[in-house]
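A short worksheet on the structure shown next.
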Amino acid sequence: YGENPKLLKSHENIKVIANLAMPLLVIKPPKSVGDLKISNAQVALSDLPATLTSMMGTKKVINKGRSVFSVDPGEIRSRKFYHYLPCSDCTKDGYFVPFEEFDIRGSLFDIASWNYVGLKRSAKEESPQSKSKEQ
Numbered sequence: 023y024g025e026n027p028k029l030l031k032s033h034e035n036i037k038v039i040a041n042l043a044m045p046l047l048v049i050k051p052p053k054s055v056g057d058l059k060i061s062n063a064q065v066a067l068s069d070l071p072a073t074l075t076s077m078m079g080t081k082k083v084i085n086k087g088r089s090v091f092s093v094d095p096g097e098i099r100s101r102k103f104y105h106y107l108p109c110s111d112c113t114k115d116g117y118f119v120p121f122e123e124f125d126i127r128g129s130l131f132d133i134a135s136w137n138y139v140g141l142k143r144s145a146k147e148e149s150p151q152s153k154s155k156e157q
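Structure (structure tokens):
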């Protein structure tokens, strides 16, 4: 793995990487009362801008993501997970590189939902899947 030999060969060890993922997103609309409710909806941090703008009643200004309150718990969505092992001499453009990209389609807790996308050497580098879709 070039610059960072400590990186796990994640495509061979997806289970190890999946066990490192700790999903937690807590959001409660303003002025709502009652206990927090647990949802199995497949949401991501990229859904936060749409969630916040919908809660404020303003026009959606970012075309990525959806309000977490509009995602049906049974809906299968694609989410990204990035894995890296930090080291003092591995930063580039403010990111630890190289890092590995995974696409999760389905439950985060189901190893069959995890797909290894590839190794990225820059935060601006497109994933191998994105490149193949363009061709």
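According to this note's numbering, the sequence shown holds residues 23 to 157 in order. For each residue, glycine too, the CB sits at the ideal point set by N, CA and C.
Relative to the alpha-carbon of Pro52, which residue among Val83, Thr73, Leu46 and Ile60 has its alpha-carbon at the smallest distance? Thr73
Taking its Cβ as the centre, do 16 or more other Cβ atoms sit within 10 Å of Ala134, making it buried, or is it exposed? exposed
Using only the alpha-carbon positions, how far apart do Leu166 and Leu47 sit? Residue 166 is absent from the model: the chain starts at 23 and stops at 157.
4 or more residues per run - each alpha helix (DSSP H) lying fully within the region 59 to 135: 70 to 78
Following the continuous alpha helix (DSSP H) through Ile49, name the residue where it begins and the one where it ends. Segment: none, Ile49 is in no alpha helix (DSSP H) and carries neither H nor E.
Looking at the C-beta of Leu67, does it have a partner C-beta in chain B at a distance below 9 Å? The chain inventory of the structure shown lacks chain B, comprising one protein chain alone.
Arg127 and Ser100 look like a contact to me (Cβ under 8 Å); what is the Cβ gap, rounded to whole Å? 5 Å
Under 8 Å by Cβ, that's how I've got Ile36 and Tyr138 pegged, so tell me the actual separation to the nearest angstrom. 6 Å
Could you name the residues of the same chain whose beta carbon sits closer than 7 Å to that of Ile49, not counting the 5 residues immediately before and after it, in chain order? Thr73 and Val90
For Phe121, I'd like the list of residues in its chain whose CB is within less than 7 Å of its CB, leaving aside the five on either flank, ordered along the chain. Tyr104, His105, Tyr106 and Lys142
Does the Cβ of Glu175 have 16 or more other Cβ atoms within 10 Å, making it buried, or fewer, making it exposed? What the structure shows of the chain is the stretch from 23 to 157, and residue 175 is not part of that stretch, so it cannot be assessed.
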